[in-house]
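Peer 1: Structure in structure tokens, see below.
Residue numbers (this note's numbering), protein chains in the order written: chain X, 2 to 211; chain E, 2 to 211.
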């Protein structure tokens, strides 16, 4: 059996495969996507893909890990110098929004994870845990200082995260008359403004419950 | 070739098939689900399913049509006697929330439609159009009376709809420590209250932009 030509486990090739896989998993979903599709997209043989990722599950896991690592890096870079609770919260929300708008395939994959009954039976947040911990810490900080009222963080995540993912994923799913470009600056800033107002409504301290 | 025994196109059987198909499409997605899975779930042969729905696509379309027809009927029954704009809006939002909480398979299917690049190339809103038209009419009414400010209805749909779908679909996807039951009355009313506050933040008239 001929061995494939020695291929360096070079970071660029691995990253090229990951990028192609992200698009293909986003378009087809996990069960329909095949390693052959990814190989074809990057101009490699299936055997070369397997050199980097031993199975489709392995590749999918690497894609999901890459998405959430990049999202977390983006959030951290933006929040490093932010001191106050509201500023921190808006930076977290903006980092989620801008990340998903710039990377719609990642948005579709995240949306699919939510739609799936049990994408990762053992631990559904194996890769997204740090993202959740970051916003939970921001919420706790604002609650500790009395700037935020106490609401369940999962509700905040579902409302803000669900809104962002639908904004990105639904751009052409609401019919041609309602189609928009999520990365159109005017559209994006209008949505961002509504998202900030939503965050404010969820967390600002009320005189009494409405 | 033996013809299958004559089967009345009885509504109960058709509805049983639809209900089973909704669960199976929600769990597996369109491409992975098979007519055989649906047949097995209702204790019929595949040929009996084909008697009612000639293909998987035909069955899927009927499921999607059934979901949006039921959602629209629920919304209409609640809004029939509501006169004012805010009351109408909250009734629409509540009908969406209660429908999806009671029918989580429908929520997963709707979430998947959003995740898919182009679930229905010719017309992505073939079945959901009336749902969109209903909330758009409610928004226009409030804007015409000066009770709502003017915001893009697609943003409102993405924020309120995305929040509801994530609330229902993410119940076990945020990790065991964050798991909740969407139909738990305390949980549901807490979320509903946040959802109403979100709707209010999106649409209430502001002195000036925040």
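For every residue, glycine included, the Cβ atom is placed at its ideal position computed from N, Cα and C.
Just so it is clear, the structure is predicted and the values come from calculations on it, not from any experiment.
Just list the residues that DSSP pairs residue 149 of chain X with in beta bridges.
Peer 2: Along the first chain, read from residue 1 onward, the residue named residue 149 of chain X stands at position 148. DSSP output for residue 149 of chain X lists X:205 as bridge partner(s).
Peer 1: Does the structure place the segment 55-69 of chain X close enough to the segment 92-99 of chain X that three or more beta carbon pairs sit under 8 angstroms?
Peer 2: Because the criterion of three Cβ pairs below 8 angstroms is not met, the segment 92-99 of chain X and the segment 55-69 of chain X do not touch.
Peer 1: Would residue 136 of chain X pass as an interface residue toward chain E - the criterion being a Cβ-Cβ separation below 8 angstroms?
Peer 2: Reading the first chain from its first residue, position 135 is the one you call residue 136 of chain X. Not an interface residue.
Peer 1: On the three-state DSSP scale, how would you describe residue 200 of chain X?
Peer 2: The residue labelled residue 200 of chain X in the question sits at position 199 within the first chain. Of the three classes helix, strand and coil, the one that applies to residue 200 of chain X here is helix, per DSSP.
Peer 1: Which of helix, strand or coil does DSSP assign to residue 53 of chain E?
Peer 2: As a first step, residue 53 of chain E is located in the second chain; it is residue number 52 there, counting from the start. Here residue 53 of chain E sits in helix by DSSP.
Peer 1: To which residues of the same chain is residue 21 of chain X closer than 7 angstroms at the C-beta, ignoring the five residues directly before and after it?
Peer 2: Numbered from 1 along the first chain, position 20 holds the residue referred to as residue 21 of chain X. Hits under 7 angstroms: 39, 42, 43.
Peer 1: Out of E:63, E:204, E:201, E:162, point me to the one whose CA is closest to residue 108 of chain E's CA.
Peer 2: Locating residue 108 of chain E in the second chain gives position 107, counting from the first residue. Nearest of E:63, E:204, E:201, E:162 to residue 108 of chain E, Cα basis: E:162.
Peer 1: Counting beta carbon pairs with one atom in the segment 123-134 of chain E and one in the segment 58-70 of chain E, are three or more of them shorter than 8 angstroms?
Peer 2: The segment 58-70 of chain E is in contact with the segment 123-134 of chain E.
Peer 1: In the segment 8-86 of chain X, which residue ranges form an unbroken alpha helix (DSSP H) of at least 4 residues, counting only runs that do not cross its ends?
Peer 2: As far as the segment 8-86 of chain X is concerned, its whole alpha helix (DSSP H) runs of at least 4 residues are 12-29, 36-43, 47-53, 57-80.
Peer 1: Examine chain E for any beta-carbon lying closer than 8 angstroms to the beta-carbon of residue 13 of chain X, and answer yes or no.
Peer 2: Counted from its first residue, the first chain places residue 13 of chain X at position 12. No - not a single Cβ of chain E is within 8 angstroms of the one on residue 13 of chain X.
Peer 1: For residue 4 of chain X and residue 30 of chain X, I'd like the C-alpha separation in whole angstroms.
Peer 2: Here the question's residue 4 of chain X lines up with position 3 in the first chain. Here the question's residue 30 of chain X lines up with position 29 in the first chain. For residue 4 of chain X, the pLDDT reaches just 45, beneath the cut-off of 50, and the residue's location in the model is therefore unreliable, leaving the point undetermined.
Peer 1: Closer than 8 angstroms, Cβ to any Cβ of chain E: which residues of the segment 189-207 of chain X, in chain order?
Peer 2: Listed by position along the chain: 191, 192, 194, 195, 196, 197, 198, 199, 201, 202, 203.
Peer 1: With a CB to CB cut of under 7 angstroms and the five nearest residues on each side skipped, what residues in its chain are close to residue 164 of chain X?
Peer 2: As a working note, residue 164 of chain X is residue 163 in the first chain. Counting only Cβ-Cβ distances below 7 angstroms, and skipping sequence neighbours, we find 196, 199.
Peer 1: When DSSP labels each residue in this structure, what does residue 142 of chain X get in the three-state scheme?
Peer 2: As a first step, residue 142 of chain X is located in the first chain; it is residue number 141 there, counting from the start. Three-state result, residue 142 of chain X: helix.
Peer 1: If we count Cβ pairs, one from each stretch, closer than 8 angstroms, do we get three or more for the segment 169-178 of chain X versus the segment 97-106 of chain X?
Peer 2: Yes, the segment 169-178 of chain X is in contact with the segment 97-106 of chain X.
Peer 1: Closer than 8 angstroms, CB to CB, is residue 139 of chain E near chain X or not?
Peer 2: Here the question's residue 139 of chain E lines up with position 138 in the second chain. By this cut-off, residue 139 of chain E is not an interface position.
Peer 1: Here's a check: name, in chain order, each residue in its chain whose Cβ is nearer than 7 angstroms to the Cβ of residue 152 of chain X, leaving out the five neighbours to either side.
Peer 2: Stepping through the first chain from its first residue, residue 152 of chain X is reached at position 151. For residue 152 of chain X, where only same-chain residues beyond five positions count, the Cβ hits under 7 angstroms are 203, 204.
Peer 1: Below 8 angstroms on the Cβ atoms is my guess for residue 145 of chain E versus residue 27 of chain E; work out the distance and round it to an integer in Å.
Peer 2: As a position in the second chain, residue 145 of chain E is number 144, starting the count at 1. As a position in the second chain, residue 27 of chain E is number 26, starting the count at 1. The Cβ separation is near 38 angstroms, so there is no contact.
Peer 1: Rounded to whole angstroms, what is the Cα-Cα separation between residue 150 of chain E and residue 160 of chain E?
Peer 2: For the purposes of this step, residue 150 of chain E is taken as the residue at position 149 of the second chain. For the purposes of this step, residue 160 of chain E is taken as the residue at position 159 of the second chain. Residue 150 of chain E and residue 160 of chain E: Cα-Cα distance of roughly 16 angstroms.
Peer 1: My understanding is that residue 64 of chain E touches residue 110 of chain E, with C-beta atoms under 8 angstroms, so please give their C-beta distance in whole angstroms.
Peer 2: Counting from one through the second chain, the residue named residue 64 of chain E turns up at place 63. Counting from one through the second chain, the residue named residue 110 of chain E turns up at place 109. Contact holds; Cβ gap of about 7 angstroms.
Peer 1: To the nearest angstrom, how far is it from the Cα of residue 206 of chain E to the Cα of residue 76 of chain E?
Peer 2: Walking along the second chain from the start, residue 206 of chain E turns up at place 205. Walking along the second chain from the start, residue 76 of chain E turns up at place 75. Cα to Cα, residue 206 of chain E sits roughly 25 angstroms from residue 76 of chain E.
Peer 1: Based on Cα-Cα distance, which residue from X:192, X:173, X:138 lies nearest to residue 85 of chain X?
Peer 2: Along the first chain, read from residue 1 onward, the residue named residue 85 of chain X stands at position 84. Answer by Cα proximity: X:138.
Peer 1: Could you check where the alpha helix (DSSP H) with residue 111 of chain E kicks off and where it finishes?
Peer 2: Along the second chain, read from residue 1 onward, the residue named residue 111 of chain E stands at position 110. Its alpha helix (DSSP H) spans residues 105-116.
Peer 1: Taking DSSP as the reference, what is the three-state secondary structure of residue 128 of chain X?
Peer 2: By one-based count along the first chain, residue 128 of chain X stands at place 127. In the structure shown, residue 128 of chain X sits in coil (DSSP, three-state: anything other than H, G, I, E or B).
Peer 1: Alpha helix (DSSP H) containing residue 159 of chain E: first to last residue?
Peer 2: What you label residue 159 of chain E is simply residue 158 of the second chain in a count that begins at 1. First-last of the alpha helix (DSSP H) with residue 159 of chain E: 154-170.
Peer 1: Give me the Cα-Cα distance between residue 2 of chain X and residue 46 of chain X, rounded to the nearest whole angstrom.
Peer 2: Translated into positions along the first chain, residue 2 of chain X becomes position 1. Translated into positions along the first chain, residue 46 of chain X becomes position 45. The predicted position of residue 2 of chain X is uncertain, since its pLDDT is 42 and thus under 50; a value taken from the coordinates is nonetheless stated next. Near 15 angstroms, if we compare the C-alpha coordinates of residue 46 of chain X and residue 2 of chain X.
Peer 1: Can you find a C-beta in chain X that's less than 8 angstroms from the C-beta of residue 116 of chain E?
Peer 2: Counting from one through the second chain, the residue named residue 116 of chain E turns up at place 115. Yes, residue 116 of chain E counts as interfacial toward chain X.
Peer 1: When you compare the CB of residue 19 of chain E with every CB in chain X, is at least one pair closer than 8 angstroms?
Peer 2: Locating residue 19 of chain E in the second chain gives position 18, counting from the first residue. Chain X, which has no Cβ nearer than 8 angstroms to the Cβ of residue 19 of chain E, makes this no.
Peer 1: Would you say the beta carbon of residue 70 of chain E is closer than 7 angstroms to some non-hydrogen atom of the ligand NAD?
Peer 2: Of the ligands one can find in the structure shown there are none, so the ligand NAD has no counterpart to examine.
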